[in-house]
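One line per chain: the protein sequences are Y and S, in this order. With the working numbering, the residue at position 13 of the first sequence is 121, and numbering never jumps. With the working numbering, the residue at position 56 of the second sequence is 164, and numbering never jumps. Quick reminder that beta carbons are idealized off the backbone N, C-alpha and C, glycines included. Reading through the structure tokens given below for one structure.
2 protein chains.
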Amino acid sequence: MTSKNVKSNAVSKVCCGTARDIPLSERDAYELAAVFTALSDPVRLRLLSIISSAAEGEVCACDLVTPIGKSQPTVSHHLKILFEAGLVDREKRGVWVWYRAVPERMSAVASRLR
Amino acid sequence: MTSKNVKSNAVSKVCCGTARDIPLSERDAYELAAVFTALSDPVRLRLLSIISSAAEGEVCACDLVTPIGKSQPTVSHHLKILFEAGLVDREKRGVWVWYRAVPERMSAVASRLR
DNA sequence: TTAAGATATCGACAGTTGTCAATATCTACG
DNA sequence: CGTAGATATTGACAACTGTCGATATCTTAA
Numbered sequence: 109m110t111s112k113n114v115k116s117n118a119v120s121k122v123c124c125g126t127a128r129d130i131p132l133s134e135r136d137a138y139e140l141a142a143v144f145t146a147l148s149d150p151v152r153l154r155l156l157s158i159i160s161s162a163a164e165g166e167v168c169a170c171d172l173v174t175p176i177g178k179s180q181p182t183v184s185h186h187l188k189i190l191f192e193a194g195l196v197d198r199e200k201r202g203v204w205v206w207y208r209a210v211p212e213r214m215s216a217v218a219s220r221l222r
Numbered sequence: 109m110t111s112k113n114v115k116s117n118a119v120s121k122v123c124c125g126t127a128r129d130i131p132l133s134e135r136d137a138y139e140l141a142a143v144f145t146a147l148s149d150p151v152r153l154r155l156l157s158i159i160s161s162a163a164e165g166e167v168c169a170c171d172l173v174t175p176i177g178k179s180q181p182t183v184s185h186h187l188k189i190l191f192e193a194g195l196v197d198r199e200k201r202g203v204w205v206w207y208r209a210v211p212e213r214m215s216a217v218a219s220r221l222r
């Protein structure tokens, strides 16, 4: 395992061996991982791209099913995951539900990658 | 399903109904999702945080097992996933393997979130 | 009230993923 | 050689995930 102060090894460098604190806490890691999990599916990324690039700033859920090419329950499922991750916001108006991107949330996540 | 030009509905706004092209291609969505999948685990995020913040710019794999608190095969497994996602680079020197972050890769991913 | 349509939930299933013990591979050193 | 130690691979298992059909819920219009 961890070696320290090994003398005359072939590579002139040794492992430090000290298990210092991890910069990212366990709790933060879990929360960050949860957002990345929401982003880890191609269908959700395409949904996000449609919603984010909407000229009117929002998109009706009814207009997401056909272009995505998945069943309505599946699209609804993915939208829920994006919503719960804080990546999109939604508003029910009449029969329809309108989705819009949350750019601050995406920026916040992006900044965690330096 | 999609409604268009519905007159006198209660919310004064209708779905557009046109299934125009999705900004993010299916191929790009898959590739991006693959990177986010690599980032979607708390253990991997903590590994990344240790490697990224290393004062010497690199960390020996032997010094990652203990602080992470998982078995050696598990840590090796996660490091492989990070490596294959292009998020870390590695170099074998003697018996040890040294990992370093790939900041350009992280920046590239971050920029995809606007 | 009844009907029609948009969205959400449920139940089930196949595929994927994180984990570890056991084992293999590789490297340096007597 | 052969040994010791670091890392990777394998095999197995439980847990999680994406998908769909069926169904429930909700809203508006007639």
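Could you tell me which chain Y residues have their CB closer than 8 Å to the CB of residue i, listed as they occur along the chain?
i	result
S/E134	P150, R154
According to DSSP, is residue i helix, strand or coil?
i	result
Y/E164	coil
Y/S111	Interpretation of Y/S111 is limited by its pLDDT of 39, a score under 50 that renders its predicted location unreliable; the figure taken from the coordinates is listed afterwards. Of the three classes helix, strand and coil, the one that applies to Y/S111 here is coil, per DSSP.
Write down the C-beta distance between residue i and residue j rounded to the nearest angstrom, noting that I regard them as a contact closer than 8 Å.
i	j	result
S/A142	S/A216	That pair is no contact at about 13 Å.
Y/L140	Y/R201	The Cβ separation is near 33 Å, so there is no contact.
S/H186	S/R152	5 Å
Y/S157	S/L132	4 Å
S/E130	Y/P175	Per the sequence shown, residue 130 of chain S should be read as Ile rather than Glu. Their Cβ separation, rounded to whole angstroms, is 6 Å, which keeps S/I130 and Y/P175 in contact under 8 Å.
Quick one: which chain S residues come within Cβ less than 7 Å of residue i?
i	result
Y/L140	L153
Y/P181	What Y/P181 touches in chain S: nothing, since even the nearest Cβ is about 14 Å away.
Y/A137	P150, L153, R154
CB-CB under 6 Å to residue i, same chain, minus the five flanking residues each way: which ones, in chain order?
i	result
S/D197	R208, V210
S/V173	Q180, V183
Using a Cβ cut-off of 9 Å, pull out every chain S residue sitting near residue i, in sequence order please.
i	result
Y/I159	Ordered by position in chain S, no residue passes the 9 Å Cβ test against Y/I159, which lies about 10 Å from the chain.
Y/L190	Within chain S, no residue comes near Y/L190; the closest Cβ sits about 13 Å away, beyond 9 Å.
Y/V217	A218, L221
Whose C-beta lies closer than 7 Å to the C-beta of residue i among residues of the same chain, with five residues either side of it excluded?
i	result
Y/C170	W204
If the cut is a Cβ gap below 8 Å, which residues of chain S does residue i touch?
i	result
Y/R198	Near Y/R198 there are no residues of chain S at all, since even the closest Cβ is about 14 Å away, more than 8 Å.
I want to verify the contact list: residues of chain Y whose CB lies under 7 Å from the CB of residue i, in sequence order.
i	result
S/T145	S148
### Task
Please list the segments of the alpha helix (DSSP H) lying wholly inside the stretch 131-212 of chain S, counting only runs of 4 or more residues, in order along the chain.
Uninterrupted alpha helix (DSSP H) stretches at least 4 residues long and entirely within the stretch 131-212 of chain S occur at 134-146, 150-160, 173-176, 180-192, given in chain order.
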